[in-house]
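Enquirer:
Number of protein chains: 2
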Amino acid sequence: MADLLIRNVRPLGGKAVDVSVREGLVSAIGPGLEAPAGTKVEDGAGALLLPGLVEGHTHLDKTVWGSTWYRNEVGPTRLDRIENERSWRAAANHDAAARSLALARDFLANGSTRMRTHADIDTEIGLAHVHATLRTRAELADAIDMQIVAFPQSGLASRPGTEALMDAALREGADIVGGIDPCAIDRDPVRCLDMLFALATRHGKPIDIHLHEPGEMGAFSLDLILERAKALGMHGKVVVSHGFCLGSIPDRDRDALLARMAALNVAIATTAPASSPVPPLSACRAAGVIMFGGNDGIRDTWTPYARPDMLDRAMHIGLRNALRRDDELCWALDCVTTDAARGCGFAGYGLAPGDRADLVLVAAETIAEAVVAAPPRRLVVAGGRVVARGGVLSAA
Amino acid sequence: MADLLIRNVRPLGGKAVDVSVREGLVSAIGPGLEAPAGTKVEDGAGALLLPGLVEGHTHLDKTVWGSTWYRNEVGPTRLDRIENERSWRAAANHDAAARSLALARDFLANGSTRMRTHADIDTEIGLAHVHATLRTRAELADAIDMQIVAFPQSGLASRPGTEALMDAALREGADIVGGIDPCAIDRDPVRCLDMLFALATRHGKPIDIHLHEPGEMGAFSLDLILERAKALGMHGKVVVSHGFCLGSIPDRDRDALLARMAALNVAIATTAPASSPVPPLSACRAAGVIMFGGNDGIRDTWTPYARPDMLDRAMHIGLRNALRRDDELCWALDCVTTDAARGCGFAGYGLAPGDRADLVLVAAETIAEAVVAAPPRRLVVAGGRVVARGGVLSAA
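Residue numbers (the numbering used here), protein chains in the order written: chain A, 1302 to 1697; chain B, 1302 to 1697.
1. Beta-carbon within less than 7 Å of LEU1361 of chain B's beta-carbon, same chain only, minus the 5 sequence neighbours each way: which residues are those?
2. Opposite VAL1540 of chain A in the DSSP bridges: which residues?
3. Let me confirm a value: LYS1363 of chain B is counted as buried when at least 16 other C-beta atoms fall within 10 Å, else exposed. Which label applies?
4. Around the C-beta of ARG1503 of chain A, are 16 or more other C-beta atoms found within 10 angstroms, so that it is buried, or is it exposed?
5. Mind checking the region 1665 to 1683 of chain A against chain B and listing, in chain order, the residues whose C-beta falls within less than 9 Å of any C-beta there?
6. Can you tell which of A:VAL1327, A:GLY1480 and A:PHE1408 has the C-alpha that lies nearest to the C-alpha of ASP1423 of chain A?
7. Which of the three DSSP states is assigned to LYS1341 of chain A in this structure?
8. Count the other C-beta atoms from every protein chain shown that fall within 10 angstroms of the C-beta of LEU1466 of chain A, then say buried if there are 16 or more, exposed otherwise.
9. For THR1638 of chain A, tell me which candidate among A:ASN1622, A:ALA1317, A:VAL1365 and A:ALA1615 has the shortest Cα-Cα distance.
10. For the pair the region 1605 to 1613 of chain A and the region 1615 to 1630 of chain B, tell me if three or more CB-CB distances fall below 8 Å.
11. Using a Cβ cut-off of 7 Å, pull out every chain A residue sitting near VAL1540 of chain B, in sequence order please.
12. Name the residue from B:MET1592, B:THR1572 and B:VAL1663 whose alpha carbon lies nearest to the alpha carbon of ARG1311 of chain B.
13. Relative to chain A, which residues along the region 1365 to 1378 of chain B have a C-beta separation below 8 Å, given in chain order?
14. Between B:ARG1690, B:CYS1631, B:PHE1521 and B:ASP1627, which has its C-alpha nearest ARG1586 of chain B's C-alpha?
15. Quick one, which residues of the region 1593 to 1623 of chain A are near chain B if we go by CB-CB under 9 Å, in chain order?
16. First and last residue of the beta strand (DSSP E) that includes SER1388 of chain B?
17. Against ARG1529 of chain A, what residues of chain B qualify as contacts under a CB-to-CB distance less than 8 Å, listed in chain order?
18. Can you name the residues of chain B whose CB is closer than 9 Å to the CB of ALA1317 of chain A?
19. Interface residues of chain A around ASP1407 of chain B at Cβ under 9 Å?
20. At what residues does the alpha helix (DSSP H) containing GLU1517 of chain A begin and finish?
21. Give every residue of the same chain whose Cβ lies closer than 7 Å to the Cβ of ALA1336 of chain B, excluding the five residues on either side of it in the sequence, and list them in chain order.
22. Is VAL1450 of chain B buried or exposed, if buried means 16 or more other CB atoms sit within 10 Å of its CB?
23. Are any of the Cβ atoms in chain A nearer than 8 Å to that of ARG1400 of chain B?
24. Which same chain residues end up closer than 6 Å to ASP1407 of chain B when comparing Cβ atoms and leaving out the 5 residues on each side of it in sequence?
25. What residue from B:PRO1677, B:ARG1472, B:LEU1525 and B:ALA1683 has the CA that sits closest to GLY1692 of chain B's CA?
26. In its own chain, which residues sit with a C-beta less than 7 Å from the C-beta of LYS1506 of chain B, not counting the 5 before and 5 after it?
27. Quick check: the region 1388 to 1400 of chain A against the region 1586 to 1596 of chain A, are there 3 or more CB pairs under 8 Å?
28. If you check the beta carbons only, do LEU1559 of chain A and VAL1541 of chain A fall under 8 Å apart?
29. Say whether chain B places a C-beta atom closer than 8 Å to the C-beta of LEU1349 of chain A.
30. My assumption, with CB atoms under 8 Å, is that GLY1548 of chain A sits in contact with PRO1578 of chain A. Please give the rounded CB distance.
31. Quick check: what's the CA-CA separation for ARG1643 of chain A versus ALA1570 of chain A?
32. Just grab the DSSP bridge partners of PHE1593 of chain B for me.
33. Just how far apart, CA to CA, sit ASP1495 of chain B and LEU1612 of chain B?
34. Pick out whichever of A:PRO1551, A:LEU1565, A:PRO1490 and A:ARG1657 has its Cα sitting closest to the Cα of GLU1517 of chain A.
35. Would you say ASP1627 of chain B reaches chain A, if we count a Cβ-Cβ gap shorter than 8 Å as a contact?
36. Let's see if you can read the secondary structure: which residues bound the alpha helix (DSSP H) around GLY1644 of chain B?
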């Protein structure tokens, strides 16, 4: 791989510097760097420089991205959507490998170089979606650092046969044990969570559990999760996705849960939906709980919304949390950069020498502008290689 | 003006037809129309055809759109923002005419052909912003049908001298009497509303009042507004902007207010903010109350967010109201097309013969896709003339 020097970029909106890349890593960052013979030189033209963006919670395997429009006529409950998806999948002959690849490529073109994606597992499709996602990961391995969550969308304790599939998925390459609503979907919280934590212990893997349950039901499930995380010494190994309950219980109860989460380093993944209560970003930051961003599903049978662009997601996090000041908008960027890397445990992340050279050049004056305007990506470098210009992937 | 024929477009996602335009109006719509000699013919290439989009509530005069980034360090309350804006305006030598023109042109490039904009009036700037907005309206008169609201941002009853300025603005070309929070900002609801309705009666103009007041305070102000609208026979002449209170009072109280609004044909303008309670679209529709969309401020000292694109605003309305099904997403489109035209009272609106030929060709398969993806505008026709292609305004 040829060495690379990018001239005249402003890291996180700071003063203009040069960045040099060797063997896939940032080797130096500062003014007036030299370009040894054979170095490829790029003109950054004063662009804002961000580290590679991080998608912390998505479902690549479900999307119809790049295909014809999916006409949504689905009923209003979460169970309606789960059942509709299973029947649609069977009828539509959904190609999870092709669709997930199309979507992941557009994520990359927009600067995402690390992703955590949940792959459906159930007794009808078995491991087909895990295998499809593994294929997409292999295809893009040079550019995207991808974590795959084995996700029992239709239930774990409530669907006999699922646990064995989870075991198999974790043996075959899934990185993380997924879960969903121990009360509302699995309907037996203790049995569900005991299974889930046993899978994690058995395979030595972290956990990422979807917790949509509202109010006191969700707070109860979260209580049970934290109890197990503590008992099993899973400090820093548990992520709670959504955690809507933290947006609808009394502040005092919320803060008590946040304090326990901070002590166990349990992070929260949020999509910052406009129409649900959400864990408030400011309260999480004040409590020392890492919150990071994800799109959740993009253009699938669940939702028509969202884009493979983490600056767009940062904007939604900003809107949902009423962030208006420039300093506050930097928090929204944290959610799709540094804090997402910390929350997901991606190594070698950042703009310092020795970090993986994942670099995004954005046509924006300030971080705040990058967040609210989702401006064009002039250049994307992944693992030291230029992979996209102007939002378009390079041929290779 | 040359006659125009657009071939192969799908009105609101229906079957492909042709649309012919004569003397600025739609003259026919149907399959296989003839193009008499001298007619300019455009290939619609199967695009989705929408009527010109309608921006129902914005503040063109405040924006810094197209200028350098405004660094927001403003305090958290609405009064902080009002005072910050007044001092910034004086210090920054804000050019309301140039900025409003830049923003309105980008609205047009994205297909907005009707707009309602609120122009600040206070005892420091007097009518400067009204005059600036009148200039922008004149500049774009061939393409955009623009309503100007005389808006006492800093208060009416509470700031002596403002009422005389409102009188002058309405004489000099403002179309609508604006107002703001009779309790929270003006601090004397009866005096404020009596002044406001007296202005409207004196000038024979409609009213559009910003009502940010939450909960029961807002409901009280709304009660007083409806009382006066009824007593003065202002059926169909009053718009309530924001109406946040309708998203936070008990459903029964909300529905009682909605029933009174429906009877008086009082419409609601919403930005559908993610971080505030909002009047729910479904409840408004069920009650027969027109709800329509607006961006409110765009890139100004109040907010860094928003874009001059009403399909983007429709998406936010969809997200805030949890609209996922294709049929529901049509409601979001209504908010920035038909219902906005009805709510604001724009005449000759639509895609039928005799309507003003304001046509937007969108690269989308369905209305739902147009709402969630804010896709490129292939062509924008305003008043019968092609004004933009691919999001770029024509030279003239």
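For every residue, glycine included, the Cβ atom is placed at its ideal position computed from N, Cα and C.
Expert: In terms of the structure at hand:
1. If you number the second sequence from 1, residue 1361 of chain B lands on position 60. Only SER1401, LEU1404, ALA1405, THR1418, THR1434 and THR1437 meet the Cβ criterion.
2. Position 239 of the first sequence, counting from 1, holds the residue named residue 1540 of chain A. Beta-bridge pairing links VAL1540 of chain A to A:ASP1509 and A:ALA1568.
3. Position 62 of the second sequence holds residue 1363 of chain B. It counts as buried.
4. One-based indexing of the first sequence puts residue 1503 of chain A at position 202. With fewer than 16 other Cβ atoms within 10 Å, it is exposed.
5. ALA1665, GLU1666, THR1667, ALA1669, GLU1670, VAL1672, VAL1673 and ALA1674
6. Residue mapping note: residue 1423 of chain A aligns to position 122 of the first sequence, counting from 1. Checking every option, the nearest Cα to that of ASP1423 of chain A belongs to A:GLY1480.
7. Taking the first residue of the first sequence as position 1, residue 1341 of chain A is located at position 40. Strand, per DSSP.
8. Looking up residue 1466 of chain A in the first sequence gives position 165. The residue in question, LEU1466 of chain A, is buried, as its Cβ has 16 or more Cβ neighbours within 10 Å.
9. Taking the first residue of the first sequence as position 1, residue 1638 of chain A is located at position 337. When each option's Cα is compared against that of THR1638 of chain A, the closest is A:ALA1615.
10. yes
11. Position 239 of the second sequence holds residue 1540 of chain B. What VAL1540 of chain B touches in chain A: nothing, since even the nearest Cβ is about 23 Å away.
12. Here residue 1311 of chain B refers to the residue found at position 10 when the second sequence is read from its first residue. Of B:MET1592, B:THR1572 and B:VAL1663, the smallest CA-CA separation from ARG1311 of chain B is found for B:VAL1663.
13. Within the region 1365 to 1378 of chain B, contact with chain A at the beta-carbon level (separation under 8 Å) is assigned to THR1369, TRP1370, ARG1372, ASN1373, GLU1374 and VAL1375.
14. Translated into positions along the second sequence, residue 1586 of chain B becomes position 285. Ranking B:ARG1690, B:CYS1631, B:PHE1521 and B:ASP1627 by Cα distance to ARG1586 of chain B puts B:CYS1631 first.
15. ARG1600, TRP1603, THR1604, PRO1605, TYR1606, ALA1607, ARG1608, MET1616, HIS1617, GLY1619, LEU1620, ARG1621, ASN1622 and ALA1623
16. Your numbering for residue 1388 of chain B matches position 87 in the second sequence. It is not in any beta strand (DSSP E) - SER1388 of chain B instead sits in the alpha helix (DSSP H) that spans 1379 to 1393.
17. The residue given as residue 1529 of chain A occupies position 228 in the first sequence. Listed along chain B is no residue with a C-beta nearer than 8 Å to that of ARG1529 of chain A; the closest approach is about 32 Å.
18. Mapped onto the first sequence, residue 1317 of chain A falls at position 16. Near ALA1317 of chain A there are no residues of chain B at all, since even the closest Cβ is about 16 Å away, more than 9 Å.
19. Numbered from its first residue, the second sequence carries residue 1407 of chain B at position 106. None at all; the shortest Cβ gap to chain A is about 12 Å.
20. Position 216 of the first sequence, counted from the first residue, corresponds to residue 1517 of chain A. Here the alpha helix (DSSP H) through GLU1517 of chain A covers 1516 to 1532.
21. Within the second sequence, the letter at position 35 stands for residue 1336 of chain B. If we look at ALA1336 of chain B and ignore the five residues flanking it on each side, its Cβ neighbours are LEU1306 and VAL1342.
22. On the second sequence, residue 1450 of chain B is found 149 positions in, with the first residue counted as 1. It counts as buried.
23. As a position in the second sequence, residue 1400 of chain B is number 99, starting the count at 1. With 8 Å as the cut-off, ARG1400 of chain B does not count as an interface residue toward chain A.
24. Translated into the one-based positions of the second sequence, residue 1407 of chain B becomes position 106. Contacts found: PRO1609.
25. By one-based count along the second sequence, residue 1692 of chain B stands at place 391. For the residues B:PRO1677, B:ARG1472, B:LEU1525 and B:ALA1683, the minimum Cα distance to GLY1692 of chain B belongs to B:PRO1677.
26. Numbered from its first residue, the second sequence carries residue 1506 of chain B at position 205. Counting only Cβ-Cβ distances below 7 Å, and skipping sequence neighbours, we find LEU1471, ASP1476, ILE1477 and VAL1478.
27. no
28. Taking the first sequence and counting its residues from 1, one reaches residue 1559 of chain A at position 258. Taking the first sequence and counting its residues from 1, one reaches residue 1541 of chain A at position 240. No, Cβ-Cβ distance for LEU1559 of chain A and VAL1541 of chain A is not below 8 Å.
29. Numbered from 1 along the first sequence, position 48 holds the residue referred to as residue 1349 of chain A. Closer than 8 Å: no.
30. Locating residue 1548 of chain A in the first sequence gives position 247, counting from the first residue. Locating residue 1578 of chain A in the first sequence gives position 277, counting from the first residue. About 3 Å; that satisfies the 8 Å criterion.
31. By 1-based counting over the first sequence, the position of residue 1643 of chain A is 342. By 1-based counting over the first sequence, the position of residue 1570 of chain A is 269. Computed Cα separation, rounded: 11 Å.
32. Taking the first residue of the second sequence as 1, we reach residue 1593 of chain B at position 292. PHE1593 of chain B is bridged to B:ALA1570.
33. As a first step, residue 1495 of chain B is located in the second sequence; it is residue number 194 there, counting from the start. As a first step, residue 1612 of chain B is located in the second sequence; it is residue number 311 there, counting from the start. Between ASP1495 of chain B and LEU1612 of chain B, the C-alpha separation is close to 37 Å.
34. Within the first sequence, the letter at position 216 stands for residue 1517 of chain A. Ranking the options by Cα distance to GLU1517 of chain A, first place goes to A:PRO1551.
35. Within the second sequence, the letter at position 326 stands for residue 1627 of chain B. Interface residue, yes.
36. Numbered from 1 along the second sequence, position 343 holds the residue referred to as residue 1644 of chain B. Here the alpha helix (DSSP H) through GLY1644 of chain B covers 1639 to 1645.
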